[in-house]
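*Asks:* Okay, here's the structure, questions in a sec.
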Amino acid sequence: MLAVTYLSFAVVLVICYVFYSQLYSGGPAAKKRALSHIPELHFDKDDTADRYRTDTRSLLRIGYERYLQYGVPFQMYNPIGELGNQVVLPMKYLNEVKCAPKSLFSFEAFSEKVFLLNYINAPRQTNAATHAVKLDVNRNLDKVINGLWTEAEASLRGVIPSTGRQTISGGELACNILSPVMSYILVGPSLCRNPEWLQIAVETTFAIMEASFHIRSNYSANWRWLSRWQNGTARRLGHIRKKALELIRPLYEERREAIHLNDGRSDGGSDLFYDTIYWMLGRKEADTSLKGIVDQELFLTLASIHTTAGMLQSILFDWVAHPEYHAAITAEIDEALAELEVSGGKWTLQQIARMRKLDSFMKESIRMNPLGFITGQRYAVKSHRFKDGFVVPAGTIFHFPADAVHHDPNIYPEPDKFDAYRFLRLREKVDPNQFHFAFVSDTNLNFGAGQHTCPGRFLAGVVLKFAIILLTTRCEISFPDGSTRRPPNVSVDNSARPDPTVKLHIKALA
Numbered sequence: 001m002l003a004v005t006y007l008s009f010a011v012v013l014v015i016c017y018v019f020y021s022q023l024y025s026g027g028p029a030a031k032k033r034a035l036s037h038i039p040e041l042h043f044d045k046d047d048t049a050d051r052y053r054t055d056t057r058s059l060l061r062i063g064y065e066r067y068l069q070y071g072v073p074f075q076m077y078n079p080i081g082e083l084g085n086q087v088v089l090p091m092k093y094l095n096e097v098k099c100a101p102k103s104l105f106s107f108e109a110f111s112e113k114v115f116l117l118n119y120i121n122a123p124r125q126t127n128a129a130t131h132a133v134k135l136d137v138n139r140n141l142d143k144v145i146n147g148l149w150t151e152a153e154a155s156l157r158g159v160i161p162s163t164g165r166q167t168i169s170g171g172e173l174a175c176n177i178l179s180p181v182m183s184y185i186l187v188g189p190s191l192c193r194n195p196e197w198l199q200i201a202v203e204t205t206f207a208i209m210e211a212s213f214h215i216r217s218n219y220s221a222n223w224r225w226l227s228r229w230q231n232g233t234a235r236r237l238g239h240i241r242k243k244a245l246e247l248i249r250p251l252y253e254e255r256r257e258a259i260h261l262n263d264g265r266s267d268g269g270s271d272l273f274y275d276t277i278y279w280m281l282g283r284k285e286a287d288t289s290l291k292g293i294v295d296q297e298l299f300l301t302l303a304s305i306h307t308t309a310g311m312l313q314s315i316l317f318d319w320v321a322h323p324e325y326h327a328a329i330t331a332e333i334d335e336a337l338a339e340l341e342v343s344g345g346k347w348t349l350q351q352i353a354r355m356r357k358l359d360s361f362m363k364e365s366i367r368m369n370p371l372g373f374i375t376g377q378r379y380a381v382k383s384h385r386f387k388d389g390f391v392v393p394a395g396t397i398f399h400f401p402a403d404a405v406h407h408d409p410n411i412y413p414e415p416d417k418f419d420a421y422r423f424l425r426l427r428e429k430v431d432p433n434q435f436h437f438a439f440v441s442d443t444n445l446n447f448g449a450g451q452h453t454c455p456g457r458f459l460a461g462v463v464l465k466f467a468i469i470l471l472t473t474r475c476e477i478s479f480p481d482g483s484t485r486r487p488p489n490v491s492v493d494n495s496a497r498p499d500p501t502v503k504l505h506i507k508a509l510a
C-alpha cells in the first residue's frame, strides 16, 4: 500500500512537472547557433562571469564604438546564463521595435524571464495603472502639486532631528523624503504618512528582488514550479499584500462610493479625490476588485519610489560634488520662492518650469549617472526580419545602448565632463520645449523608449525639484569627510545606482 502511495505521488509529481514547466517556460532562449550571425563581444582580459555582472558598462561602451555606431548589432554573455546571450541593437532599429506589437517583441515576457514574476506571484504592470499615471496623474498634476509640496516639507521635518544635524545614508535620506510624497499621489493624504504603508512602499521592491534571487539560486529552471510551496521569501509578498489590503480597504470603499454617486465617473471635481486608487476605480479596463486595486498600487510603488529615490540620491551627490553651480541655481530657486510668497504660497507648473538651470543640472546628473545602461528591453516572442534583412531569432533577449548613446561625443561634446548647463544651452539654441528633464527622444533615453516610456516622468521631475529646493535652501549638505568628490556608483549587470551606504551630513540652516 505504501509503495502504491509513493508511486502515485511520483506520477503526480511528473504530471505537475510537465504541466508547470510548460506553463511557466514562456518559450526557450535562443540557441547559440541561432545567434551565430551576430558578432560576439568579450572582455579582452579577465573574461569571467563575475566581470559581466560588475563591469557591464565598459563592455557596452566598447561594443558601441566597435559595432553599434556603424549599425552592426553584437551579442554578449548574459549573467543569467539560462537566458542565452543578450543582443544589443544599434539605434537604427529602435523605431521598428517601438512600433512592434507585444505578440512580436514583449517587455512583459522580458520582465517575467529576468525576475521570475510568475513564480513569485508579483504585482504586474496593467494598462489601467499605466493609463492612470499617463492620463490622470499628468492631467491633474497642477491640482496636486501643492499637496506634494506640503508632503515634501513634512518629510524634510521628519528627516532633520531636533538637534538640527543628521548624518544619514544617501539612500535612506532619499527614500525617507520621497516615499510619503510619491504615496500622496498613489493613496492620498490620509494614508501617505502612515508608517505601515510607508514600510510596504519601500519593502515591496526588496521582497520581489529577494524572492526572485532565492528561486533562481535554489531551483533549476525545470523545478521552479515547486518554489510556490517551499519559498519563504515569496510568502513575504503575501504578507505585504495582506497588510496592504487592510490599509487600502477603507480608502477603496470611500472612493468607490464617490464614483457611484458621480454616475460611475472619476474624472474630476473639487469634492472628489486626486489619487490613483480613485482614478483606477473609474477605468473600464481596470480590475476594480479590492485585490486588483491593491496589486496595481503595489506595482506603482515598485515602479516609482526606488527609481525616483535613486535619482534624488544621484543629484544630491552631484550637488555636493559641484559647488561651482550653487550660487546661480540657488538664485534661480530664491526667485521662484519669492514668486511663491507673492502668489499666496501656491505653486504653479509654470513657476516650476521656469527653474531651467535646476532642471538642466538634474538632467545632466542622470545622463552622467543613469540607473540603467540600456533601454528598450524586449524578448523576441517570434523570429523577426528587420527591414534591412537582419534577423532576431525567437527567444532572444535584446535591448539598446542608452548610456553609450549619452556618452557619444558626436551627440554630447565632452561627454565625460559634468556640464550642468548642457541641456539649458540646447533649450536656448535648439528648442525651448525640448531637452527638459522629462523630455525623451532617440538621444534622450533615461526614461525609456516607445510604449514603455515612463509615464510618471513629469511627476518625478516635480517631486525631485521640490526635494532639492527644500534640501538646498533649508539645509547644508556635505559628505562627512568634507570632500567634494562624488563616490563611485554600484553596478550590477545592466543596472547601477549611487552607493546607498554612502552617508550625507545634513545640517539645518537657521
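For what it's worth, full-length UniProt numbering labels the leading residue of the sequence shown as 1, then goes sequentially.
Even for Gly, the Cβ is constructed at its ideal location relative to N, Cα and C.
Computed from a predicted structure; not experimentally measured.
(1) I need the boundaries of the alpha helix (DSSP H) containing A496, first residue and last residue.
(2) Counting Cβ pairs, one atom from each stretch, are 3 or more of them under 8 Å apart for the stretch 392-402 and the stretch 341-358?
(3) Using DSSP bridges, identify the partner residues of I477.
(4) Would P123 be called buried (16 or more neighbouring beta carbons within 10 Å of its own) or exposed?
(5) Count the other CB atoms, across all protein chains shown, that sit within 10 Å of the CB of H326; report buried if there are 16 or more and exposed otherwise.
(6) Please report the distance separating the alpha-carbon of K503 from that of D481.
(7) Over what stretch of residues does the alpha helix (DSSP H) that includes M76 continue unbroken?
(8) So if DSSP puts R385 in a beta bridge, which residue, or which two residues, is it bridged to?
(9) Please go through the same chain and pick out, in chain order, the residues whose beta-carbon is closer than 6 Å to the beta-carbon of Y119, but skip the five residues on each side of it.
(10) Between the stretch 96-103 and the stretch 71-79, do at least 3 Cβ pairs fall closer than 8 Å?
(11) In the structure shown, what three-state DSSP assignment does Y421 receive?
(12) Which residue comes first and which comes last in the beta strand (DSSP E) that contains S169?
(13) In whole angstroms, what separates the C-alpha of L198 from that of P189?
(14) Output needed for F317: all residues of its chain with C-beta closer than 6 Å, excluding positions within five of it in sequence on either side, in chain order.
(15) If contacts are defined as beta-carbon pairs under 8 Å, then I185 and I240 qualify, I think. What distance do you get, rounded to the angstrom?
(16) I need the DSSP call for Q69, collapsed to helix, strand or coil.
(17) In or out: P413 buried (at least 16 other Cβ within 10 Å) or exposed?
(18) State the CB to CB distance for the pair A449 and G372, rounded to an integer number of angstroms; the pair is presumed to be in contact (CB under 8 Å).
(19) Based on DSSP bridge pairs, tell me the residues matched to N489.
(20) Assuming the contact rule is C-beta atoms closer than 8 Å, R457 and F107 should be a hit. Round their C-beta distance to whole Å, please.
(21) Taking T308 as the reference, give the member of A132, I168, A438 with the closest Cα.
(22) Put G448 into one of helix, strand or coil per three-state DSSP.
(23) In chain order, what residues of the same chain have a beta carbon less than 8 Å from the beta carbon of Q434, not counting five sequence neighbours either side?
(24) From which residue to which residue does the beta strand (DSSP E) around Q434 run?
(25) With a floor of 3 residues, list each beta strand (DSSP E) that falls wholly inside the stretch 132-205, ordered by position along the chain.
(26) Could you say which of L237, V88, I333 lies nearest to I374 if we only look at CA atoms?
(27) Check whether the Cβ atoms of I145 and W347 sit closer than 8 Å, and answer yes or no.
(28) How should G269 be labelled, buried or exposed, when 16 other C-beta atoms within 10 angstroms of its C-beta is the threshold for buried?
(29) Assuming R61 contacts P79 under a Cβ cut-off of 8 Å, what Cβ separation, rounded to an integer in Å, is found between them?
(30) When you compare the CB positions of E297 and I248, do they come within less than 8 Å of one another, or not?
(31) Please report the straight-line C-alpha distance between P323 and Y64, rounded to a whole angstrom.
(32) Could you name the residues of the same chain whose beta carbon sits closer than 6 Å to that of N138, not counting the 5 residues immediately before and after it, in chain order?
(33) If we ignore side chains and look at the alpha-carbon of each, how far apart do A303 and I277 end up?
*Replies:* Quick answer:
(1) Not the alpha helix (DSSP H): A496 falls in the beta strand (DSSP E), residues 495-498.
(2) no
(3) I506
(4) buried
(5) exposed
(6) 10 Å
(7) No alpha helix (DSSP H) holds M76; the beta strand (DSSP E) holding it covers 74-76.
(8) V391
(9) Residues of the same chain with a CB within less than 6 Å of the CB of Y119, apart from the 5 flanking positions on each side, are I215, R224, S227 in chain order.
(10) no
(11) coil
(12) Unbroken beta strand (DSSP E) run through S169: 165-169.
(13) Distance between the alpha carbons of L198 and P189 is about 13 Å.
(14) R486, P498
(15) Contact doesn't hold; Cβ gap of about 20 Å is too wide.
(16) helix
(17) exposed
(18) In fact, because the Cβ distance is near 12 Å, the residues do not count as touching under 8 Å.
(19) P498
(20) Contact doesn't hold; Cβ gap of about 17 Å is too wide.
(21) A438
(22) coil
(23) L426, R427, S441
(24) From DSSP, Q434 is part of no beta strand (DSSP E); its letter is neither H nor E.
(25) 165-169
(26) Scanning L237, V88, I333 for the CA closest to the CA of I374 turns up V88.
(27) yes
(28) Low local confidence applies: a pLDDT of 47 at G269 is under 50, so the model's placement there is unreliable, with the coordinate-based value given in what follows. G269 should be labelled exposed.
(29) Actually they do not touch by this definition, with Cβ atoms about 18 Å apart.
(30) yes
(31) 33 Å
(32) F458
(33) 16 Å
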